[in-house]
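Residue numbers (the numbering used here): 42 to 521.
If you want it as structure tokens, here you go:
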């Protein structure tokens, strides 16, 4: 029932609008014909007479073709012309008998113009005519007569005028209907496109509501439905994603916990075994009176204890960084001084390992960050470079300015990092060269600490294989 009412309502609305347009068009035509037709005819006749007089004023009376030209004007314009000398004697009297003679002549309308011209509408013996009198520039007086058209002529002119008006109104109505039909069907086409997208689970677009009728209400309903479905679908996707993330996070945490426990157990297992073995050996040596041997064994025990202590300290630092328990103490500092001070302190280490260290840092760059923690980042990169430098044994520290950041690079000559290792080196206890790292007392936590410190600063970091070596990098903020 509601559908039928809706259809009737739309049809009724269109019918009323079309009827109003047609009534308006007819009314306009009637008003134009009623108010303008007579004025248009009178204006046309007046213009014809005044134009004729103005043209005659330009002719030379002495010209041999003057009178012939006057006769030609009478024929072309269906008028009669009388011309008089200033003394009143006729120069030319029209041979046409347009105006009936005899009887009384009645002046119906009298008009006098600023230039002295007179235009009268007269009637004689039932015939109405226009009498136009004026004086030309040389004093010649001219009188022009024009019979007002009979009923048939008036009907022809009126019919022409009416048809011209109807044609104009018809064109306007056609243009309006084209525009109106397009505006009427456009929302329906848009609804079809939008609902097709909705069927494909695409709720990103909305209908534009520009009317308050049933089509406008339907567009609002479709928009409401699309919005509700979009919200429901997004909520469902978010819940599914959250559920999936939670499952993956739980699995990842379980794996990390197992891996972490396994890594710590592995790292502590060897030094504990060494400490235990050397402690037992030292005890036996003391019992046998070998104090020097026992002292040597105690030195090994102290060394291994220091390694375990270093491991525990790095684990505590990493834990503090990752859980956000470490506050950043921001300060402005010169990047050039920061790099130079560090390389000066490590000069002996470079010399002992036969490494040449080069720096290329502009003096004008000022950075902002936690200087102590950024020193840890640089130290871990350089320590890693020292451990893996081969061949030319070159370490190069340089930078690249960006918009609001500075990217610091630490390059070392040596073997490239394998593709399967390059994404894993940031994991705790991961060591690409396990034998070398364990021999040097390194536990695979340095790069994990770098990752945690950079995350605290909100800056990026990374590594890539370079020509003849490996380049690690990290970003630092520019001071404002």
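Even glycine gets a Cβ: it sits at the ideal position worked out from N, Cα and C.
Here the structure is a predicted model, which means the values were calculated and not measured.
Counting only residues of its own chain and dropping the five nearest sequence neighbours on each side, residue 510 has a CB closer than 7 Å to the CB of 452, 453, 454 and 455. In the displayed model, residue 261 falls within a helix according to three-state DSSP.
Judged by their CB atoms, residue 423 and residue 402 are not nearer to each other than the 8 Å cut-off. Counted as a single uninterrupted DSSP element, the stretch harbouring residue 119 is not any beta strand (DSSP E), since DSSP gives it neither H nor E. Residue 135 and residue 122 do touch by the CB rule: their CB atoms are close to 5 Å apart, below 8 Å. Look at residue 154 here: in three-state DSSP terms it is coil, with no helix or strand label. Residue state for residue 506 is assigned as strand, using DSSP reduced to three classes. The three-state secondary structure of residue 137, taken from DSSP, is coil. Within a 10 Å sphere around the beta-carbon of residue 515 sit 16 or more other beta-carbons, which makes this residue buried. Taking each of 413, 440 and 416 in turn and checking the Cα distance to residue 404, the smallest one comes out for 440. Straight across, the Cα-Cα distance linking residue 160 with residue 113 is about 22 Å. For residue 401, there is no enclosing alpha helix (DSSP H); the residue is part of the beta strand (DSSP E) that begins and ends at 397–401.
Excluding residues up to 5 positions away in sequence, 504 lie with their Cβ nearer than 7 Å to the Cβ of residue 463 in the same chain. Between residue 86 and residue 206, the CB-CB gap reaches or exceeds 8 Å. Around the C-beta of residue 426, 16 or more other C-beta atoms lie within 10 Å, and the residue is accordingly described as buried. Per DSSP, the unbroken beta strand (DSSP E) holding residue 163 starts and ends at 159–165. Between residue 272 and the set 378, 243 and 286, the nearest pair of CA atoms involves 243. Between residue 239 and residue 262, the C-beta gap is not smaller than 8 Å, which leaves the two residues out of contact.
With fewer than 16 other Cβ atoms from the protein chains shown falling within 10 Å of its own Cβ, residue 459 counts as exposed. The beta carbons of residue 412 and residue 497 sit no closer together than 8 Å. Short of 7 Å from the beta carbon of residue 419, and not among the five residues preceding or following it, lie these beta carbons of its own chain, in chain order: 383. Its chain contains 127 as the residues whose beta carbon lies nearer than 6 Å to that of residue 180, once the 5 sequence neighbours on both sides are disregarded; these appear in chain order. 258 is the residue among 216, 258, 208 and 220 whose C-alpha sits nearest the C-alpha of residue 232. Secondary structure at residue 391: helix, using DSSP grouped into helix, strand and coil. Per DSSP, residue 424 is one residue of the alpha helix (DSSP H) stretching across 412–429. Here residue 245 is exposed: its Cβ has fewer than 16 other Cβ atoms, across all protein chains shown, within 10 Å. Nearest neighbour of residue 170 by Cα position, chosen from 158, 176, 327 and 185, turns out to be 185. A residue is called buried when at least 16 other Cβ atoms come within 10 angstroms of its Cβ; residue 105 does not meet this threshold and is exposed.
When DSSP states are grouped into helix, strand and coil, residue 131 belongs to the strand group. Counting the other CB atoms within 10 Å of its CB gives residue 213 a total below 16, which places it among the exposed residues.
Of the other Cβ atoms in all chains shown, 16 or more fall within 10 Å of the Cβ of residue 376; this residue is therefore buried.
If you look at residue 454, you'll find it isn't in any alpha helix (DSSP H); it sits in the beta strand (DSSP E) that goes 446–454. When the Cα atoms are used, residue 119 and residue 220 turn out to be separated by approximately 47 Å. Between residue 132 and residue 140, the gap from beta carbon to beta carbon reaches 8 Å or more.
In the DSSP annotation of this structure, the continuous segment of the alpha helix (DSSP H) that includes residue 384 starts and ends at 376–386. According to the DSSP secondary-structure assignment, residue 516 is paired through a beta bridge with 448.
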